[in-house]
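Here the protein sequences line up with chains U and G, keeping their order.
Quick note: the first sequence, position 121, residue 121 per the numbering used here, numbers continuous.
Quick note: the second sequence, position 149, residue 1149 per the numbering used here, numbers continuous.
We put the CB at the ideal spot given by N, CA and C, even for glycine.
Here the structure is a predicted model, which means the values were calculated and not measured.
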Amino acid sequence: MKRRWKLILVASLFFGVIGMLIYTSIGNAATFYMTVDELKAKQEQAIGKPIKVSGKIVGESVQFDADKILLTFELRGENGGTYRVPIKYEGVKPDTLNDGWEAIVEGELTEDGTLVASELLVKCPSKYEAMEKEGQEPPPSHPESEKTQKGGYEEWEK
Amino acid sequence: MGEIGRWALIFALIIVSYGLISHLIAIRTGSGKWLRSAKNSVLILAGLTTLASGSLIYLLIIGNFDYEYVAHYSSTDMALFYKISAFWGGNAGSLLLWLWILSIYTALVTWSKHRESDQYLPWVSTFLLVINLFFVLILNTIEFPFALNPEEVNEGNGLNPLLQNPGMAVHPVTLYLGYIGFAIPFAYGMAALMLKKVDATWLKVTRRWTLVSWLFLSIGIIYGSQWAYVELGWGGFWAWDPVENASLLPWLTGTAFLHSAMIQERKGMMKRWNISLVTTTFLLTIFGTFLTRSGLLWSIHAFANGPIGAYFLGFIGLLLVGSLALISSRWSLLKGDGQFESPVSRESGFLLNNLLLVVSAFTVFLGTVYPVLSEVVTGSKVMVGAPYFNRVNVPIFIALILAMGIGPVLAWKRSSLKALKYNLGVPLVITFIIAVALIAIGINNWMAVLSISSALFVMMTIILEFSNAVQARMKATGEGLIRSFLMLFVKNRRRYGGYIAHLSIVFIVIGLTGASAFSVDLQRGLNTGEKMDVGKYTLEYRGLGETTTDLKRIVYAEFLVEKDGKEMGVIRPSKEYYTNGNQPATEVSVVSTLKEDLYVVLNGWVEESGKAIIQVKIFPLISWTWFGGYLLILGSLIALWPERSRRVRDIPRLKMESIQNGSKT
């Protein structure tokens, strides 16, 4: 019996430590994922937290300062609307930063509503997404909605 | 040719069904005639899938763009090698490859012979055929490798240039060979349950299959990340991305299984654990294929890729329910033959290693599916990134490494603390000194200090094991040093091959620790003529250049690299633009030495001024990881190599064992 208690004690200690490890790490590493429209509704709560926002690129807002390697542009919601999320990104302008293309930006929302991005991903245009929706394989030149820009350089997420 | 392939697949569906039914009849009636017919059907199945795969490869080689798959994944200008590798460039082809390998494995197993194979094999083949059936069904209902192209085209799209790399072309095949191989120990485990045979026969028979699959999986993971490092140009080797995790999960549980199987073989313990572990591992390989093929997690549109995800989930559910039901119906039979005698024993060492590996797999699984889980539970999608995985898994891995040092010196049953002190005393003291020294030279990353010193600790225990064994052998046989060392591998391949594999893990860990804890990462814009200092290196920017070939336009930035003031040479990180409109690829420049890699990426440039924007990284010790990978292959091969002389001596022992087992059940 004594042996059994010892075993239970050791096991609960082991799983307790692992549980704590998971619990604390997940809290610290969690990133909320939302669209521009969702962000509009929850803007105040989102300030200061790590978030990932997806929206459409507003073409005329794109500015790239080559000296500082600083890229600024805006994201808009899915269905028009006037709400824009200004993005500030220290990195190179991707070749695919075109008007209306979907981008996913990861970073932190500052008090003034600007998203300071640490990662920027641009998805390929909707034609191929539509193909994906229909269960077709997009052509290999655009094999992914994941052909992306990350940290200012191309990454192909497998 | 495409018609042949299409019909081969249709016939494969029929023959799989026939094979299943005839196997079941053969088991029921014990009729030798039915069994022969069933076994032949498995051969025919392998023939049909070979025919189907062969015809797809043929279509790819001749470039018959009447077929959709060919038009999507190959083009006339591709080299023959890549035309063939386009076979697994897309969903339908990958699944056909899965089926092809699986059916060949099935045929090999069905026609193999071993102890009690007459009883085992009909069931084993039945379970394997169920898995075959799933893939044949998919290939005949939702993913058609031989679908005709709706529009007429004269040229195909070509394979993604990133996949046009020898390593990457082979990478999926090695992973698949690993994934699929685990179906065999799983099928044997299930067969053992059906037969109510709970001894270790199924483990002994499948040991090589498990080890080979594990080896392929390891190679797939290591060289997959090396490919990411060299080819993808995002400046890393492991991103904890769902597809990477998908391959790591079965590796973790498979590694646990490799170790815990030894306890059942030796002591008849942990039977429930082993059967559960092999089931989990196999399910995770299917789950991995599902993740890679359905695009569930990283695509914003969950399940956007059509019904294939639902098929896979249904199959996983079916396997899960079926195997759980079978295991629980045999639960009381699966009671272990012995008990843990002492907390300080080889058995508990294995137990600890298993717990850690499985827990690590659980945390990786949790993090991977967290976005889906959180969306279901809370309604908002929450992702966890690399910080979560690192924070949770680095401590677990360090504990694992320590266990790897201590475990092998523990004796079976009960280890005296005195013996432990004798074996581990010196290494422990040295490890402590190393740790203090690391802190003294200014390393303040606790995890890195722990990881490096525990890795060195393992290295010392392995060296001690070898030197003790060599000395003992030299004394006993009078052989020379080198001969005794080599004879260790001849006499006990499994054990010393295992040590080599452990040693390779030490190298991998040291490399990964160095490259992740002490990496340098700088992004900078440089004008022509400007210099930049990184660590001991000086990069002098000499301007942009451009070359054009038929296939691509390459823009490169040229740098003169100096190390400690000494000229090392010129590097040209570049971007390649393909004339056929494919996305540009980034070609990084890596200057690799034993101590560190200098890693330069051309991120972009300003057209007017010629200013280049580059990212410079230094990865200390990373080449140790790749070296560890080769060593791992060597170690596993040593452990795998058949022991000819031993088999003869084994026969009486095996017989005795089977009598023992027979009397127990």
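- A check of alpha carbon separations from residue 1279/G across 1490/G, 1328/G, 1346/G identifies 1328/G as the nearest.
- Put simply, the segment 1430–1446 of chain G does not touch the segment 1376–1392 of chain G. Fewer than three CB pairs are less than 8 Å apart.
- Contact check between the segment 1100–1107 of chain G and the segment 1264–1272 of chain G: fewer than three CB pairs, one atom from each, fall below 8 Å, which does not count as touching.
- Residue 1469/G: member of the alpha helix (DSSP H) spanning 1446–1477, first to last residue.
- For residue 1165/G, the nearest beta carbon of chain U is not closer than 8 Å to its own beta carbon.
- Around the beta carbon of residue 1596/G, 16 or more other beta carbons sit within 10 angstroms, so the residue counts as buried.
- The secondary-structure analysis by DSSP pairs residue 1521/G across a beta bridge with 1617/G.
- Residue range 1537–1548 is occupied by the beta strand (DSSP E) that includes residue 1542/G, with no alpha helix (DSSP H) assigned at that position.
- Chain U has no Cβ within less than 8 Å of the Cβ of residue 1519/G.
- Contact annotation: residue 1639/G and residue 1472/G have beta-carbon atoms that are not nearer than 8 Å.
- Approximately 7 Å separates the beta-carbon atoms of residue 1013/G and residue 1137/G; this is inside 8 Å, confirming the contact.
- Residue 1612/G and residue 1521/G have their C-alpha atoms some 16 Å from each other.
- Separation of residue 60/U and residue 1358/G (C-alpha to C-alpha, rounded to the nearest whole angstrom) is 51 Å.
- Assigned with DSSP and collapsed to three states, residue 1551/G falls in coil, not helix or strand.
- Note that the C-beta distance between residue 1427/G and residue 1397/G is not below 8 Å.
- Distance from the CA atom of residue 1347/G to the CA atom of residue 1412/G, rounded to whole angstroms, is 6 Å.
- Annotation: residue 1543/G to residue 1589/G spans about 16 Å, alpha carbon to alpha carbon.
- The contact set of residue 1083/G on chain U, defined by CB atoms closer than 7 Å, is empty, because the minimum CB distance reaches about 13 Å.
- Non-local beta-carbon contacts of residue 1049/G in its own chain, meaning distances under 7 Å to residues more than five positions away in sequence, involve 1012, 1099, 1100, 1103 in chain order.
- Within its own chain, the residues whose Cβ lies closer than 7 Å to the Cβ of residue 1540/G, once the five positions on either side in sequence are excluded, are 1531, 1559, 1560, listed in chain order.
- With contacts defined as CB atoms closer than 8 Å, residue 1054/G and residue 1146/G fail to qualify as a contacting pair.
- DSSP places residue 1636/G in the helix class (H, G or I) of the three-state scheme.
- Contact between residue 1573/G and residue 1562/G does not hold, since their C-beta atoms are separated by about 17 Å, which reaches or exceeds 8 Å.
- The beta carbon of residue 31/U sits closer than 8 Å to some beta carbon of chain G.
- Interface residue (Cβ-Cβ distance to chain U less than 8 Å): residue 1371/G is classified as such.
- Apart from sequence neighbours up to five positions away, the residues of its chain that approach residue 1548/G with a beta-carbon distance below 8 Å are 1554, ordered along the chain.
- Residue 1282/G is classed as buried because its beta carbon has at least 16 other beta carbons within 10 Å across all chains shown.
- By the Cβ rule, the segment 111–123 of chain U counts as touching the segment 83–93 of chain U, because three or more pairs are nearer than 8 Å.
- In the DSSP annotation of this structure, the continuous segment of the alpha helix (DSSP H) that includes residue 1272/G starts and ends at 1271–1294.
- Scanning chain U for C-beta atoms nearer than 9 Å to the C-beta of residue 1363/G yields 18, 21, 22, 25, reported in chain order.
- Put simply, the backbone Cα of residue 1159/G is about 14 Å away from that of residue 1172/G.
- Nearest C-alpha to residue 1579/G among 1605/G, 1565/G, 1141/G, 1551/G: 1551/G.
- Residue contact with chain U for residue 1359/G: present (Cβ-Cβ distance below 8 Å to some residue of chain U).
- In this structure, residue 1167/G lies away from residue 1063/G, with their beta-carbon atoms at least 8 Å apart.
- Around the beta carbon of residue 1318/G, a 10 Å sphere encloses fewer than 16 other beta carbons of the protein chains shown; the residue is thus reported as exposed.
- Its chain contains 52 as the residues whose beta carbon lies nearer than 7 Å to that of residue 33/U, once the 5 sequence neighbours on both sides are disregarded; these appear in chain order.
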